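K.L.:
This note's numbering numbers the first residue of the sequence shown as 67 and each following residue consecutively.
Dropping the structure in here first, questions after.
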Amino acid sequence: MLKYKKYSLLEMFETNTYLVWDNDTLEGIVIDPAAPCESLKQEIISLNIKLTYIFNTHGHGDHIGGNEYFHKEFNCPIGIHTFDSEMLLNASLNLSSFMDFNVASPIAGLLFNDNYIFKLGQTTVEVFHTPGHTRGGIVIYSKPYLFTGDTIFYRSVGRTDLPGGDTKELTESIKKKIFTLPPDTIILPGHGPSSTIEKEISENPYV
Numbered sequence: 067m068l069k070y071k072k073y074s075l076l077e078m079f080e081t082n083t084y085l086v087w088d089n090d091t092l093e094g095i096v097i098d099p100a101a102p103c104e105s106l107k108q109e110i111i112s113l114n115i116k117l118t119y120i121f122n123t124h125g126h127g128d129h130i131g132g133n134e135y136f137h138k139e140f141n142c143p144i145g146i147h148t149f150d151s152e153m154l155l156n157a158s159l160n161l162s163s164f165m166d167f168n169v170a171s172p173i174a175g176l177l178f179n180d181n182y183i184f185k186l187g188q189t190t191v192e193v194f195h196t197p198g199h200t201r202g203g204i205v206i207y208s209k210p211y212l213f214t215g216d217t218i219f220y221r222s223v224g225r226t227d228l229p230g231g232d233t234k235e236l237t238e239s240i241k242k243k244i245f246t247l248p249p250d251t252i253i254l255p256g257h258g259p260s261s262t263i264e265k266e267i268s269e270n271p272y273v
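So this is what it looks like as structure tokens:
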């Protein structure tokens with residue numbers, strides 16, 4: 067079974083970064099490291115977590131700013147969808163140059179397509195392609211948790227007015243990839259508080 071901890075990094079954007087690990091084997095991943103963080107590094111060490119991957123739900127600068135730091139500290143590869151992989155290397159493409167800071171990440175060692183399945187210790191984890199906020203947006207699912215990046219939030223959804231955004235695609239992603247999961251699935255988004263699929267089906271005004 068997975069366990070997780072949430073960290074709010076990069077104060078100006080309050081991006082949610084998640085440390086996720088298999089409780090039996092202590093194999094873990096960091097999802098969307100927004101910035102270098104010494105306290106998160108020390109937490110990984112103190113919990114004896116074997117960090118195996120850094121996963122980015124998409125390529126925007128406020129979700130990849132800590133890639134280089136954790137990649138160097140733990141010597142683990144970065145995973146991102148193929149369509150967003152070039153954003154890692156280019157501050158204009160990842161929009162950090164427009165956010166008053168420039169982010170460049172190491173190249174991805176793992177490129178996702180849709181329905182990628184892997185094992186984190188003894189736990190099965192699935193990656194679903196959910197374009198709409200960016201062309202290569204993904205969500206990461208392991209029952210009962212769904213890490214949604216900027217695809218869907220508590221009573222909101224990701225922006226579609228940025229390069230690569232598409233409102234129709236985002237709506238289809240949510241309806242076909244997210245709302246078809248069990249209603250009690252816990253949504254852990256890239257910004258803001260958690261929710262459940264049941265709540266978002268009945269209360270989200272954007273879908």
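All residues carry an ideal CB built from backbone N, CA and C; glycine is no exception.
All values derive from a computational prediction rather than experimental measurement.
Do you know how far the Cα of Tyr135 is from the Cα of Asp232?
P.N.:
If you number the sequence shown from 1, residue 232 lands on position 166. If you number the sequence shown from 1, residue 135 lands on position 69. If I take the Cα positions, the gap works out to 31 angstroms.
K.L.:
Would you check if the distance between the CB atom of Asp150 and the CB atom of Arg201 is smaller than 8 angstroms?
P.N.:
Within the sequence shown, the letter at position 84 stands for residue 150. Within the sequence shown, the letter at position 135 stands for residue 201. Yes, Cβ-Cβ distance for Asp150 and Arg201 is below 8 angstroms.
K.L.:
Work out the CA separation of Val193 and Ile183 for me, nearest whole Å.
P.N.:
Against the sequence shown, residue 183 aligns to sequence position 117. Against the sequence shown, residue 193 aligns to sequence position 127. For Ile183 and Val193, the distance between alpha carbons rounds to 6 angstroms.
K.L.:
Could you give the first and the last residue of the continuous alpha helix (DSSP H) run that contains Asp128?
P.N.:
For the purposes of this step, residue 128 is identified with residue 62 of the sequence shown, where counting begins at 1. Element bounds for Asp128: Gly127 to Ile130.
K.L.:
Kindly confirm or deny that the segment 201-215 and the segment 158-166 touch, where touching means at least three C-beta pairs closer than 8 angstroms.
P.N.:
No, the segment 201-215 does not touch the segment 158-166.
K.L.:
Under a Cβ-count criterion, where at least 16 other Cβ atoms within 10 Å of its own Cβ denotes burial, should Glu266 be classed as buried or exposed?
P.N.:
Here residue 266 corresponds to residue number 200 of the sequence shown, with the count starting at 1. Glu266 comes out buried.
K.L.:
Mark Leu75 as exposed unless 16 or more other C-beta atoms lie within 10 angstroms of its C-beta, in which case mark it buried.
P.N.:
Here the question's residue 75 lines up with position 9 in the sequence shown. Buried: at least 16 other Cβ atoms inside 10 Å.
K.L.:
With distances taken between CB atoms, is the gap from Glu139 to Lys116 smaller than 8 angstroms?
P.N.:
Within the sequence shown, the letter at position 73 stands for residue 139. Within the sequence shown, the letter at position 50 stands for residue 116. Their beta carbons are not under 8 angstroms apart, which means Glu139 does not touch Lys116 by this criterion.
K.L.:
Can you tell me whether Gly215 is buried or exposed? The criterion is at least 16 other CB atoms within 10 Å of its CB, across all chains shown.
P.N.:
Numbered from 1 along the sequence shown, position 149 holds the residue referred to as residue 215. Buried, since its Cβ has 16 or more Cβ neighbours within 10 Å.
K.L.:
Name the DSSP beta bridge partners of Lys71, please?
P.N.:
The count along the sequence shown starts at 1 and reaches residue 71 at position 5. Paired residue(s): Leu85.
K.L.:
Should Val223 and Ile240 be called a contact, given that it needs their Cβ atoms to be closer than 8 angstroms?
P.N.:
Walking along the sequence shown from the start, residue 223 turns up at place 157. Walking along the sequence shown from the start, residue 240 turns up at place 174. Yes.
K.L.:
Please state if the CB of Gly145 and the CB of Ala174 are separated by a distance shorter than 8 angstroms.
P.N.:
Position 108 of the sequence shown holds residue 174. Position 79 of the sequence shown holds residue 145. In contact: Ala174 and Gly145 (Cβ atoms closer than 8 angstroms).
K.L.:
Look at the Cβ atom of Ile97, then the Cβ atom of Phe213, and state whether they are nearer than 8 angstroms.
P.N.:
As a working mapping, residue 97 is identified with position 31 in the sequence shown. As a working mapping, residue 213 is identified with position 147 in the sequence shown. A contact, by the Cβ cut-off of 8 angstroms.
K.L.:
Where does Ile130 land, buried or exposed, given buried means 16+ other C-beta within 10 angstroms?
P.N.:
Residue numbering aside, residue 130 sits at position 64 when the sequence shown is read from its first letter. Ile130 should be labelled buried.
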